[in-house]
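Structure record follows, encoded as structure tokens.
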Amino acid sequence: MNMIKRSNIRRILAAFGLIFQAVAVAQAQTDDDLIRRVPSSANVVVRVHVQPILDSVIGRREEWAAKQEAKTRAGLAIPTDARTLVFASKVDWTNQLKSAWDIGMVSSSQENSVASIAKLDGGYVDTVEGVETAYLPRNAYVASIAPQALAIMFPANRQELAQWLSTTNTRKSAALSTYLGNAFRDEARAHYVLACDTSNLLAIPQVKSRLRDSVSLREKEVDLEAYANILASLRGITLVANFNSAVDTKLQADFALDASPIRQYGRQLILEALEEQGISLPEMREWRMSVVGKSVRLEGRLGLNSLPLLAGFVAIPTSTVPNGKEVPPDPSQFDKQLTAEKASKKYYDEVVRMIDDLRSKARGNQGYHMSVWVDRYALQIDRLPILNVDEDMLEYGTFVSSALRSVRNVNMQTRANQRYTQATNSANSGAGYGYYNDIEANATMLRRQADAMISVNVNNIWTVLETKTAEIRRKETQKYETEF
């Protein structure tokens with residue numbers, strides 16, 4: 031009898047093992063399918079394994095699953111019932127990281143309804159290359175790329191969508207660049223991976239010129255030629271995060287040449303470059319650095335306040351990525367004003383969250399290097415769902431996105447002024463000692479004037495946004511008799 035019971039238990043356990051194995055294989059196939067569909071021209075790709083993050087010690091402690099279900103913001107904002115997220119962009123590294131297009135893909139545990147999404151966003155159903163799609167008024171297309179997977183593409187270019195769908199429907203394997211392909215193969219189990227392909231981006235004379243003006247190398251005895259050769263061979267940067275009791279993170283810069291000659295100042299140069307783009311984080315200065323062959327690594331922990339960087343690098347409002355779960359209310363059964371109230375409140379909450387996050391970033395960077403982030407957040411505001419959002423609230427959102435872009439313009443002008451003073455200083459560095467001191471003093475004065483200008487202008491913009499936010503909050507609260 032005991033032998034029979036043990037045998038049955040073994041068979042049951044074996045059956046469960048096969049079931050779990052099948053589920054794992056299906057999950058892996060879904061992930062591979064999303065990566066397979068990334069356009070070959072992408073140079074930035076993000077992949078997020080959702081459930082391991084929600085089930086992690088920190089995820090349970092912060093109650094991310096519950097907060098996610100309640101549609102509130104906490105750390106990584108992710109759509110309800112998502113299993114895997116993949117974002118891809120074609121980024122112009124030389125133009126404030128602007129993207130030619132952005133695609134978000136999500137796999138879930140249920141069937142998707144494009145028609146429901148079209149109704150939720152006030153769009154219409156379409157068929158492109160035999161695939162059920164929906165046009166959304168926020169300048170996007172949604173496509174059902176698999177029974178349990180959806181894609182959203184910005185901007186809503188139907189011809190581009192058709193070309194992408196026709197290519198990915200027949201593709202048997204991923205068409206990523208060599209660098210991106212290797213990154214996702216090497217980090218297949220990581221919870222979060224952001225990989226950026228920078229191959230053939232930098233020229234040696236260009237890098238050498240920037241190194242001469244580098245704060246990190248000022249008054250340092252280094253071989254600029256060797257440094258320039260190595261840095262110009264940058265193939266890409268990969269950021270990996272695994273969620274355990276904390277967010278364990280690794281930033282790796284990969285080169286085509288041996289990176290050991292830049293070991294001494296590699297950390298400072300990488301951080302300086304990231305700060306120049308506005309994407310550095312305060313924790314990175316404390317991370318461990320190592321040089322392994324052709325790679326420079328920074329490893330450490332990411333704070334909860336820095337998690338929006340992971341969610342916001344691709345300019346898609348992550349919490350609004352559709353997954354087909356929600357069913358739109360029937361207008362004949364629900365009060366239309368109530369629908370407008372909910373839509374406007376949700377829109378307001380998203381915009382205010384972005385303003386608060388940007389102000390936090392601005393304080394952390396003393397107002398500098400914000401051009402990338404304000405542009406990204408302005409674009410995210412432009413891409414929020416607008417169905418049933420009232421006109422006053424939409425005008426507020428438009429005003430905010432315009433104001434944020436004015437912050438970008440102030441930053442760009444200031445950075446241009448600073449580069450001019452650096453170039454002037456470098457060009458005259460061969461003059462006599464007294465003349466050199468005059469040039470240095472003049473450059474310092476110009477930098478201080480520029481710093482003061484940006485501080486005043488940016489603070490004025492935040493003040494205006496505060497005033498506008500208070501006005502719309504008061505107006506909407508009175509209109510709907512509910513607290514905004």
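Once you know that position 387 of the sequence shown is 417 in this note's numbering, the rest is easy, because the numbers rise by one and skip nothing.
The beta carbon of each residue, even a glycine, is placed where N, CA and C say it ideally should be.
Just so we're clear, the structure is a prediction, and the values are computed from it rather than from any experiment.
Distance, residue j Cα to residue i Cα
i, j, result
"V68", "L231", "21 Å"
"L332", "T157", "43 Å"
"K324", "R293", "11 Å"
"A44", "N335", "Note that A44 has pLDDT 40, beneath the 50 cutoff, so the model's placement of it is unreliable and the number below is only indicative. If I take the Cα positions, the gap works out to 44 Å."
"E141", "Q178", "5 Å"
"P235", "V404", "31 Å"
"D243", "L254", "11 Å"
"K423", "K498", "Sequence inspection shows Met at residue 423; the Lys mentioned does not correspond to that position. So the alpha carbons of these two residues sit roughly 11 Å apart."
"K202", "W194", "14 Å"
"G354", "C226", "In this predicted model, G354 has a pLDDT of only 49, less than 50, meaning its place in the structure is not dependable; the value taken from the coordinates is given anyway. C-alpha separation (whole angstroms): 30 Å."
"T279", "L388", "22 Å"
"K509", "A112", "35 Å"
"V80", "G211", "21 Å"
"G427", "R90", "34 Å"
"T507", "E501", "10 Å"
"S146", "L434", "33 Å"
"L337", "E313", "12 Å"
"I309", "S390", "14 Å"
"R503", "E92", "29 Å"
Cβ separation of residue i and residue j, assumed to be a contact under 8 Å, to the nearest whole Å
i, j, result
"R267", "T228", "Looking at the sequence provided, one finds Ile at residue 267 rather than Arg. Indeed, because the Cβ distance is near 7 Å, the residues count as touching under 8 Å."
"N272", "A213", "The pair is not a contact, with the Cβ atoms about 15 Å apart (cut-off 8 Å)."
"E302", "V245", "6 Å"
"N259", "V87", "Not quite, the Cβ-Cβ distance comes to about 44 Å (not below 8 Å), so this is no contact."
"F514", "Y407", "Wrong, their Cβ atoms sit about 20 Å apart, outside the cutoff."
"A186", "N199", "So it is not a contact: roughly 20 Å between Cβ atoms."
"I491", "S436", "6 Å"
"L281", "L299", "The pair is not a contact, with the Cβ atoms about 13 Å apart (cut-off 8 Å)."
"L127", "Q307", "7 Å"
Continuous alpha helix (DSSP H) stretch holding residue i: start and end
i, result
"R188", "R188 to T200"
"S239", "I234 to R242"
"I83", "V80 to D85"
"F214", "T208 to D216"
"I300", "G296 to E306"
"S22", "Because the chain spans 31 through 514 in this model, residue 22 falls outside it and cannot be assessed."
Short Cβ contact (8 Å threshold) for residue i with residue j
i, j, result
"V136", "L206", "no"
"N191", "V116", "Just to set this straight, residue 191 is Leu in the shown sequence, not Asn. Result no, Cβ atoms of L191 and V116 do not sit closer than 8 Å."
"G296", "V277", "no"
"A72", "K149", "no"
"D132", "F184", "yes"
"L415", "D151", "The question names Leu, yet the displayed sequence has Pro at residue 415. Going by C-beta atoms, P415 is nearer than 8 Å to D151."
"S374", "D412", "no"
"A283", "L264", "yes"
"A118", "V75", "yes"
"R318", "V223", "no"
"L340", "V430", "no"
"P233", "A262", "Here residue 233 is Ala; the residue named in the question, Pro, does not match the sequence. Against a cut-off of 8 Å, the Cβ pair of A262 and A233 comes out as a contact."
Host beta strand (DSSP E) of residue i (start-end)
i, result
"L247", "Element bounds for L247: n/a, residue is neither H nor E."
"Y165", "V161 to L166"
"A173", "A170 to A176"
"N272", "L264 to F273"
"D288", "Premise fails: D288 is in no beta strand (DSSP E) and is neither H nor E."
"R327", "S325 to L332"
"S129", "K128 to S138"
"S320", "R318 to V322"
"V119", "The amino acid at residue 119 is misidentified as Val; the sequence shows Ser. Unbroken beta strand (DSSP E) run through S119: A112 to D122."
"A181", "A179 to F184"
"T157", "Y154 to V158"
"D227", "Y222 to D227"
Exposure label - residue i; buried when at least 16 CB within 10 Å
i, result
"G160", "exposed"
"S139", "exposed"
"G464", "Caution applies to G464, whose pLDDT of 46 falls short of 50 and renders its modelled position unreliable; the value that the coordinates give is listed next. So G464 ends up on the exposed side."
"A154", "Rather than Ala, the amino acid found at residue 154 in this sequence is Tyr. That one is exposed."
"R240", "buried"
"T163", "buried"
"T512", "exposed"
"N418", "buried"
"A204", "buried"
"Q189", "exposed"
"V322", "exposed"
"A256", "exposed"
"T114", "buried"
"E425", "exposed"
"E316", "exposed"
"E249", "exposed"
Closer than 7 Å: residue i CB and nearest the ligand GDP heavy atom
i, result
"V245", "Annotation note on the ligand GDP: not contained in the displayed structure, which lists no ligands."
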